[in-house]
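Residue numbers (our numbering): 2 to 569. Quick reminder that beta carbons are idealized off the backbone N, C-alpha and C, glycines included.
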Ligand code: NAP
């Protein structure tokens with residue numbers, strides 16, 4: 002018997018440190034780690050101790066005897082990894098950064114953003130005995146994409162926030178400034194006045210554009226907004242997408258596209274027990290969408306979704322998943338790596354759209370080799386023009402989409418572009434418009450146009466490295482940034498702040514009287530959970546700022562734990 006890693010794997014590598022025999026790979030010091038779809042246990046080396054399962058933050062590791070029918074394929078996926086990547090057991094645990102001692106004085110760090118990258122940074126910093134952290138976020142709630150991005154039907158992934166619990170001493174050294182916007186209520190200079198260092202971890206909140214005609218017609222939406230809408234983001238609660246057509250088309254075939262296709266087709270009754278926003282659940286109950294077409298511009302071998310998410314899609318019991326066109330024998334053999342081979346093995350046997358439809362069932366159609374060239378409609382979206390596309394390898398070895406002349410108009414009432422996220426600039430911080438990231442070297446922000454680090458300015462997460470990887474990828478990313486920050490502090494490369502502590506709290510309150518602190522967030526969390534408990538849901542989210550602020554004001558008489566005891 003052995004343990005097996007399954008679909009929710011978050012790649013944060015907590016399990017690696019727990020494994021006494023080093024049978025989990027790829028490890029952070031192996032080349033495949035940064036792009037790994039998930040981590041894998043070597044069944045031949047596993048000693049069945051279960052230590053990794055105890056450490057997994059998202060409950061993705063199971064004894065092979067306890068695998069459900071849907072999890073069975075992961076036994077082979079784990080074993081196959083070792084067939085494709087013969088590795089020896091073991092991993093060199095990275096030496097933790099030196100302890101910042103009282104002799105050096107207190108280190109004060111501000112973190113901008115309260116998503117997972119920010120919390121992983123806070124966790125690394127607060128593990129040091131003499132560090133104070135202030136977290137700022139423009140929303141009245143923490144956890145960024147865990148709250149407003151992870152699909153509601155993926156509750157296990159949301160358990161990642163359980164890692165961000167702190168003991169009494171650490172909680173005393175952490176201040177939460179929610180509903181406070183850096184650039185509006187406080188400036189970068191204000192933060193530097195009160196802290197030795199600032200870590201920018203504000204993510205990649207906007208969407209990329211297709212730059213084609215019709216993109217701004219009503220009924221054409223970026224995935225970022227639709228995902229935020231169904232997850233109850235206060236800025237997008239009034240989106241009201243038109244779900245009255247028969248077909249929706251999603252451009253791009255990453256994991257976000259798969260999430261949206263599932264949400265649009267799955268029985269709303271199955272979503273009723275999740276934390277989906279009430280307005281979205283109601284709209285989905287009245288939706289007339291019967292078919293969602295996911296359009297990839299390159300070949301099936303180049304699909305951006307990951308194997309675990311594709312596997313889960315093909316296992317949906319209430320939705321048909323079909324191919325627009327059968328995978329040719331040539332395509333089936335075109336995989337350039339093991340991940341593509343695994344995806345093609347799952348895709349090739351799928352039925353095609355031409356085969357009989359199952360009466361009464363919605364369906365998801367996977368279409369490849371098609372590039373959108375125009376979104377058409379008079380007052381609203383009526384369809385999307387797709388051009389046949391060939392994937393060719395260029396002289397640099399990159400598989401590029403080459404758009405052909407043959408086009409077809411696919412009728413649709415809703416077109417969602419799910420072609421990736423993009424970061425946005427903040428005042429006074431260098432920004433690279435081409436990549437949508439803050440220029441940096443291993444987390445040290447560099448001056449615009451030079452490699453020179455800006456003293457005391459750091460970055461982590463998607464705004465540091467671009468919108469790739471799963472939530473746990475941020476853990477190693479945060480460790481790198483924090484290790485460099487601590488190194489700079491110990492080497493006296495940081496400027497001592499003019500002031501800090503209480504004066505910072507006073508300044509923020511004077512600029513934003515509606516600041517939500519940890520007690521305010523606890524009050525929101527408690528209110529949402531109690532509202533959810535009444536209907537057997539994990540929580541019912543408040544979806545507008547006023548309601549969130551009202552809930553925050555209902556502060557409990559005594560201090561509640563900063564972080565909820567259960568997942569968000
Ligand atoms: P993504 O994985 O980068 O996929 C973007 C898709 O858009 C690709 O299919 C890409 O095609 C396509 N695309 C880009 N530009 C295009 C254009 N001009 N025209 C047509 N198609 C275009 O992005 P994502 O789905 O937003 O996901 C972001 C990250 O979050 C990923 O790392 C993902 O794995 C992660 N995520 C994970 C989960 C999960 O684990 N459950 C859920 C959601 C998101 P090409 O490949 O040809 O460029």
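DSSP beta-bridge partners of residue i
| i | result |
| --- | --- |
| residue 441 | 446 |
| residue 26 | 41 |
| residue 148 | According to DSSP, which records beta bridges pairwise, residue 148 is partnered with nothing at all. |
| residue 353 | 324 |
| residue 4 | 64 |
| residue 48 | DSSP output for residue 48 lists no bridge partner at all. |
| residue 208 | 422 |
| residue 416 | 221 and 250 |
| residue 384 | 377 and 412 |
| residue 228 | Partner(s): none; residue 228 has no beta bridge. |
| residue 296 | 252 and 368 |
| residue 591 | The structure shown does not extend to residue 591, since the chain spans only 2 to 569, so no value can be given for it. |
| residue 100 | DSSP, once it has assigned bridges, lists no residue as partnering residue 100. |
Expected contact under 8 Å - CB spacing of residue i and residue j to nearest Å
| i | j | result |
| --- | --- | --- |
| residue 161 | residue 134 | So it is not a contact: roughly 19 Å between Cβ atoms. |
| residue 8 | residue 313 | 6 Å |
| residue 136 | residue 62 | With 8 Å as the limit, residue 136 and residue 62 do not qualify as a contact, their Cβ atoms being about 30 Å apart. |
| residue 524 | residue 553 | 5 Å |
| residue 224 | residue 257 | 5 Å |
| residue 118 | residue 475 | 4 Å |
| residue 190 | residue 506 | Contact flag wrong, Cβ pair sits at about 18 Å. |
| residue 4 | residue 51 | 6 Å |
| residue 132 | residue 174 | 7 Å |
| residue 220 | residue 416 | 7 Å |
DSSP state of residue i mapped onto helix, strand, coil
| i | result |
| --- | --- |
| residue 432 | coil |
| residue 74 | helix |
| residue 290 | coil |
| residue 400 | strand |
| residue 13 | coil |
| residue 162 | helix |
| residue 138 | strand |
| residue 203 | coil |
| residue 411 | strand |
| residue 372 | strand |
| residue 362 | coil |
| residue 393 | strand |
| residue 178 | strand |
| residue 125 | helix |
| residue 549 | helix |
| residue 133 | strand |
| residue 109 | strand |
| residue 278 | coil |
| residue 88 | coil |
| residue 59 | coil |
| residue 214 | strand |
| residue 191 | helix |
| residue 405 | strand |
| residue 183 | strand |
| residue 259 | helix |
Pick from the options that is closest to residue i, judged by C-alpha positions
| i | options | result |
| --- | --- | --- |
| residue 22 | 46, 292, 283 and 8 | 46 |
| residue 306 | 76, 154 and 471 | 471 |
| residue 249 | 157, 360, 376 and 2 | 376 |
| residue 530 | 433, 350 and 274 | 274 |
| residue 331 | 325, 323 and 345 | 345 |
| residue 434 | 402, 461, 467 and 416 | 467 |
| residue 371 | 497, 405 and 172 | 405 |
| residue 86 | 53, 56, 43 and 131 | 43 |
| residue 537 | 187, 272 and 198 | 272 |
| residue 82 | 463, 308 and 69 | 308 |
| residue 27 | 37, 229 and 546 | 37 |
| residue 360 | 292, 188 and 412 | 292 |
| residue 192 | 508, 517 and 175 | 508 |
| residue 311 | 202, 365 and 289 | 365 |
| residue 181 | 500, 56 and 203 | 203 |
| residue 427 | 55, 158 and 206 | 206 |
| residue 424 | 55, 437 and 144 | 437 |
| residue 547 | 221, 236, 2 and 17 | 236 |
| residue 227 | 446, 418 and 452 | 418 |
| residue 106 | 148, 197 and 17 | 197 |
| residue 165 | 75, 127, 110 and 139 | 127 |
| residue 25 | 79, 66 and 55 | 79 |
| residue 340 | 41, 214 and 449 | 41 |
Any non-hydrogen atom of ligand 2 within 8 Å of residue i CB
| i | result |
| --- | --- |
| residue 254 | Here the bound small molecules are ligand 1; ligand 2 is not part of this structure. |
Length at least 3, wholly inside the region 450-529: the beta strand (DSSP E) runs in chain order: 454-460
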